[in-house]
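Mind the numbering: the sequence shown is residues 1 to 299 in full-length UniProt numbering, read in order.
C-beta: ideal position from N, C-alpha, C; glycine also.
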Amino acid sequence: MAFEKKKKGFFGRLSERIGDVILARPTIDEDFLDELEEILITSDIGMETTMTIIERLRSDIKHEYLREPQQVKDQLKKIIAELIDKGERHQLCQETPLIILMIGINGGGKTTSIGKIAHKCKMEGKSVMLAAADTFRAAASEQLVIWGERVGVNVIRHQEGADPSAVIFDAIQSAKAKGIDVLICDTAGRLQNKKNLMDELTKMNRIIDREYPEAARENLLVLDATTGKNAVSQAKEFNESADITGIVLTKLDGTAKGGIVITIADEFDMAVKYIGVGEGMEDLKAFDPAEFAGGIFDE
């Protein structure tokens, strides 16, 4: 099971706390709901999302006559699963040619995620090319070249300090000429409060639209699960500069604050496409909403 590694982290802690409050209450009443509300909020599930969950649970308890603790636990799991389930949007676009623009701040696991997605696509029999459009850090291009060598795909790069959009332009021309199925573009680890970098992101999208309008698109936002509520702030800011089509949630291990998955899915209607559970080439798992919700409550 993909979530077994994290059982002692977010999942184990939340499951234990909810189990404790259920067992401690002989009746399912308002005091129980108040305690449950506090647990959800302190688990990095946002206030608005928590209130949505509690109101739905309160209604279900009343109208479906839920009286047993296990019934309430099962209903809570169902509510969370429905909140985070975005249907087919959890799947990476299978159309080709496909351009994937990878977005996110430095240190969030963006370059590693690019390598892992490239590996997945290649294992599916697709031709892949990488574009090193984070030209503000020499290390970024170097890291991407290393991943390109590991996966066995070409990397288009310019010198440090070059125009990032020029890299995107050249990569598109090369991908078109070679008939590449999937072009994955790295971008600068832009901080969400730096307007010039956000403007650069907008410019990249314009160039892609102009130079390769027939290509399918994915704008994937890479978020570090351990940053908790800060990741929610990043989702909001980046979504204003790019039409985010999905989330790659990294570092969802034993220390991760996994409640942000629920908040982002609910408040921004974003689909999580992949979760990173380790550093290995295979440690990027397709997100399964039912499995995620089950992992919170199942022992």
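- Annotated as proximal: T187 and D134, with beta-carbon spacing under 9 Å.
- The three-state secondary structure of N219, taken from DSSP, is strand.
- For the beta strand (DSSP E) assignment, the region 15-43 encloses no uninterrupted run of at least 3 residues.
- Rounded to whole angstroms, the Cβ separation of E218 and S165 is 18 Å, and the two are not in contact under 8 Å.
- With distances taken between CA atoms, G246 lies nearest to L92 out of R157, L92, D266 and K285.
- Contact between V128 and V145 does not hold, since their C-beta atoms are separated by about 14 Å, which reaches or exceeds 8 Å.
- By a beta-carbon distance limit of 8 Å, I264 does not contact D44. Their separation comes to about 10 Å.
- Here Y212 is buried, its C-beta having at least 16 other C-beta atoms within 10 Å.
- DSSP, reduced to helix, strand and coil, places N239 within a helical segment of the structure shown.
- Look at V232 here: in three-state DSSP terms it is helix.
- Check the Cα spacing between L197 and each of D163, I61 and K122: the tightest is with D163.
- Taking the Cα of L101 as reference, the smallest distance to any Cα among E267, A293 and D243 is reached at D243.
- In this structure the region 57-75 does not touch the region 273-289; the number of beta carbon pairs closer than 8 Å is below three.
- Linking L33 to E16 through their CA atoms gives a straight-line distance of about 16 Å.
- CA-CA distance, A132 to G104, rounds to 14 Å.
- Here the C-alpha atom of G280 lies approximately 23 Å from the C-alpha atom of G228.
- Note on A139: under 16 other CB atoms within 10 angstroms of its CB, so exposed under the neighbour-count rule.
- Inter-residue distance for K126 and V182 is about 7 Å (C-alpha atoms, whole angstroms).
- Cβ-Cβ separation between L223 and G108: approximately 6 Å, consistent with a contact (criterion under 8 Å).
- The beta carbon of I41 sits closer than 8 Å to those of M47 and T50, all from its chain and outside the five residues before and after it, given in chain order.
- In this structure, the CA atom of K77 is about 38 Å from the CA atom of V151.
- Of the candidates S241, E240, I262 and E237, the residue whose Cα lies closest to the Cα of L249 is I262.
- I146: not part of any beta strand (DSSP E); member of the alpha helix (DSSP H) spanning A138 to V151, first to last residue.
- Per DSSP, the beta bridge partners of K285 are I275.
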